[in-house]
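See below for the structure under consideration.
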Amino acid sequence: MRRNLAVLLAVLAITVSAVVLAMQYQVSPNVNSPSTINQPYYAILEYIDYINTTKAITLAPGQSITIQAPLPPGPGYVLDYIEVSINPPSPAVLISGSNLMYSKNEIGAIVSAYTTSDSLSIANTGNQPLNETISVTYVFVNEEYVALNTSTSSFTLSISVPDSTMQYVTQQVIMLSIPNYMPFEIASVSLPNGTTLSQLISSWSPLVNYIKIEPKYMELTANGLPPGQYQVTINYGGEYVMPSAMLVKGTEFLNYTVNPGQTLEITGSEFGVPPGWNLLGYIVVVYTVQPLVVGQQPGHFEVIANRVSPAYLYSDLIQVSGISYLLPPFIRFAPMIGIYIVYDRYFEIVDNLNVPLVVTFMPIIYKPIGQWVNGNLEATVSDADVSNGLWTALVVQLPEIAHIYKIVTPSGTVYTGLVNSEIPWGSAERLVSISPDGSQAYIAVSTLGVSETGTYTVYVNWTPITMHFTNTLNAPISGVEVQAYVNGSLITSSVSDSNGNAYINIEEPTPFMATVYYDNVPIYYVNVNSLINQPIGITIGLYNVTVLFVVQGTRQYQTQRYRFIGLALGQSIMAQQVIQGRRDSPTS
Numbered sequence: 301m302r303r304n305l306a307v308l309l310a311v312l313a314i315t316v317s318a319v320v321l322a323m324q325y326q327v328s329p330n331v332n333s334p335s336t337i338n339q340p341y342y343a344i345l346e347y348i349d350y351i352n353t354t355k356a357i358t359l360a361p362g363q364s365i366t367i368q369a370p371l372p373p374g375p376g377y378v379l380d381y382i383e384v385s386i387n388p389p390s391p392a393v394l395i396s397g398s399n400l401m402y403s404k405n406e407i408g409a410i411v412s413a414y415t416t417s418d419s420l421s422i423a424n425t426g427n428q429p430l431n432e433t434i435s436v437t438y439v440f441v442n443e444e445y446v447a448l449n450t451s452t453s454s455f456t457l458s459i460s461v462p463d464s465t466m467q468y469v470t471q472q473v474i475m476l477s478i479p480n481y482m483p484f485e486i487a488s489v490s491l492p493n494g495t496t497l498s499q500l501i502s503s504w505s506p507l508v509n510y511i512k513i514e515p516k517y518m519e520l521t522a523n524g525l526p527p528g529q530y531q532v533t534i535n536y537g538g539e540y541v542m543p544s545a546m547l548v549k550g551t552e553f554l555n556y557t558v559n560p561g562q563t564l565e566i567t568g569s570e571f572g573v574p575p576g577w578n579l580l581g582y583i584v585v586v587y588t589v590q591p592l593v594v595g596q597q598p599g600h601f602e603v604i605a606n607r608v609s610p611a612y613l614y615s616d617l618i619q620v621s622g623i624s625y626l627l628p629p630f631i632r633f634a635p636m637i638g639i640y641i642v643y644d645r646y647f648e649i650v651d652n653l654n655v656p657l658v659v660t661f662m663p664i665i666y667k668p669i670g671q672w673v674n675g676n677l678e679a680t681v682s683d684a685d686v687s688n689g690l691w692t693a694l695v696v697q698l699p700e701i702a703h704i705y706k707i708v709t710p711s712g713t714v715y716t717g718l719v720n721s722e723i724p725w726g727s728a729e730r731l732v733s734i735s736p737d738g739s740q741a742y743i744a745v746s747t748l749g750v751s752e753t754g755t756y757t758v759y760v761n762w763t764p765i766t767m768h769f770t771n772t773l774n775a776p777i778s779g780v781e782v783q784a785y786v787n788g789s790l791i792t793s794s795v796s797d798s799n800g801n802a803y804i805n806i807e808e809p810t811p812f813m814a815t816v817y818y819d820n821v822p823i824y825y826v827n828v829n830s831l832i833n834q835p836i837g838i839t840i841g842l843y844n845v846t847v848l849f850v851v852q853g854t855r856q857y858q859t860q861r862y863r864f865i866g867l868a869l870g871q872s873i874m875a876q877q878v879i880q881g882r883r884d885s886p887t888s
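Quick note on this note's numbering: the sequence shown kicks off at 301 and runs consecutively.
See the structure below:
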């Protein structure tokens, strides 16, 4: 009897298991193939509020004051950093606090101090009273992630510029940024009425002073712009990937004259780009003076390019007359100057005036450099890299999970805690800066014949990428294993903790593919395209199915428990082995 019962139970167990697996196969035919998840490419949209204050202070010897950040200007805003400027700079001033950085001028004096903490102190370490004027800027940021479209080669993003009169801040800037490693570029921007930036530049509109555009960055200053929805055109394609570490070089100044009614076209063929280098764009200066008489109106020249940002625009109308009526004020002069950054191979200068234009421009070229070793950049600069140019800089632009904290030159000089600084360097000044958030840095490797070649090391702290695993009821799942690969090579692995979090230690600015395992079964391939601080949420459908076997006429039964792993809510991919089997006797 017992033997017959055991055989019957085994047959029932096999039959029920087969039925359940058959049902799962009908839901998901490829039951043994992990599913692929493509995480979106994210741009970062920041609303940056600046609160400026200025006050005069008097500090007795040994006296100090504390600068404390105010409350955020609105929901979602967090303190980014505090900047304090001292005028006049004094060696007796000591600025202390945590996470401090400094901006120094060409004689080494501290011009400004920065901290990402919410306070800092200013003290008088001298033996005489100090009378200083301090300017304090509190910078708050509200950050959003914007998913980028990969289904088309060009698309638009709509960005809202609020009414600046409603902001209780000194200035609000909206910045859109795309990491260099992503295959996108910012192509253009248009106002709510449809007017493009290029049209504003051609018409010499004052609004151009509040719009800046680069291949990977765009900045709108809300204080000077009309509120509304701005349309940003984004191009998608592998050709738009830029290196995260590069040498950027200013080659030479070239001069042209454009006669009235003519157009100067620059295509990049007018000069040579060295092998291994790429053309980034140009710094362009255009200027003239128009002689006029009463009744004539000054005209404007045009700068035409796909992506151009004015750095400086000036026009005026100067009246000329004698001290008496001997020379009446019939004669006027209209000086005009425009300085532009053009991020394009091609640009035009159109002379619509009755006088020649003088055009001076410098081609800017770049090349990728360096390799990542234990999370730090090692970039070797050769003599050939710094030749045939007026200046060359090592530029590093990293995703937000990276924090640059120091740069070591080939000679062993350490630069840390410096923002927008000019350091004495032989017969020149060395420009060096690490951004307050640590994501960007530059350092001059040559300037006007002064250079330092060899290996530069840029030291970086990396915040791990968080992958958060939950079941279909949003409960965290522990024990999920993640293996991260770059170009097919395993770089790191991690296992989720009791909170469902697995931390992936990334040590270079490169997207990666993560293979996700549960109970040693691969269930996902996740293409992590964005190295961001936001956790990557992954849902795993886990189902505990209990099968009850009842044999009539006996006092015994068997419970078999199976765990099913699903890709998402309502979708299962396979049945695991029996994880618990028991044969119990009822009490009655």
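Where is the CB? At the ideal position from N, CA and C, for every residue including glycine.
Ala611 carries a strand assignment under DSSP once its states are collapsed to helix, strand and coil.
The beta-carbon distance between Asn676 and Tyr803, rounded to whole angstroms, is 20 Å. This is too long to meet the 8 Å contact definition. Rounded to the nearest whole angstrom, the CA to CA distance from Ile734 to Tyr445 is 24 Å.
Assigned with DSSP and collapsed to three states, Leu677 falls in strand. With fewer than 16 other Cβ atoms from the protein chains shown falling within 10 Å of its own Cβ, Ser621 counts as exposed. Taking one beta carbon from each stretch, the segment 740-753 and the segment 761-775 have fewer than 3 pairs nearer than 8 Å; the two do not touch. It is roughly 14 Å from the alpha-carbon of Val393 to the alpha-carbon of Ser403. Counting C-beta pairs closer than 8 Å gives fewer than three between the segment 678-697 and the segment 359-368, which falls short of the contact rule. Straight-line spacing of the CA atoms in Asn829 and Leu773 works out to 27 Å.
Contact between the segment 525-538 and the segment 443-462 is present: 3 or more CB-CB pairs across the two stretches fall below 8 Å. Three or more Cβ pairs closer than 8 Å define a contact, and the segment 379-396 meets that threshold against the segment 431-441. Approximately 4 Å separates the beta-carbon atoms of Glu722 and Glu406; this is inside 8 Å, confirming the contact. Of the residues Met546, Val673, Gly572, the one whose Cα lies closest to the Cα of Glu552 is Gly572. Between Val586 and Val608, the CB-CB gap reaches or exceeds 8 Å. Here the segment 573-580 makes no contact with the segment 723-731; the two share fewer than three CB pairs at distances below 8 Å. Counting C-beta atoms within 10 angstroms of its own C-beta, Val816 has 16 or more neighbours from the protein chains shown and is therefore classed as buried.
Nearest Cα to Tyr785 within the set Asn480, Ser778, Ser793: Ser793. Here Ala369 carries a coil assignment [DSSP, helix/strand/coil]. The beta carbon of Ser798 sits closer than 6 Å to those of Ser778, all from its chain and outside the five residues before and after it, given in chain order. Separation of Leu653 and Asp616 (C-alpha to C-alpha, rounded to the nearest whole angstrom) is 15 Å. Taking the C-beta atoms as reference points, Val469 is found nearer than 8 Å to Pro373. When Cβ pairs closer than 8 Å are counted between the two stretches, the segment 551-566 is seen to touch the segment 631-648, the count reaching three or more.
A distance of 8 Å or more separates the beta carbons of Thr713 and Lys706. With fewer than 16 neighbouring CB atoms inside 10 Å of its own CB, Ala775 falls in the exposed class. DSSP, read as helix, strand or coil, puts Gly572 in coil.
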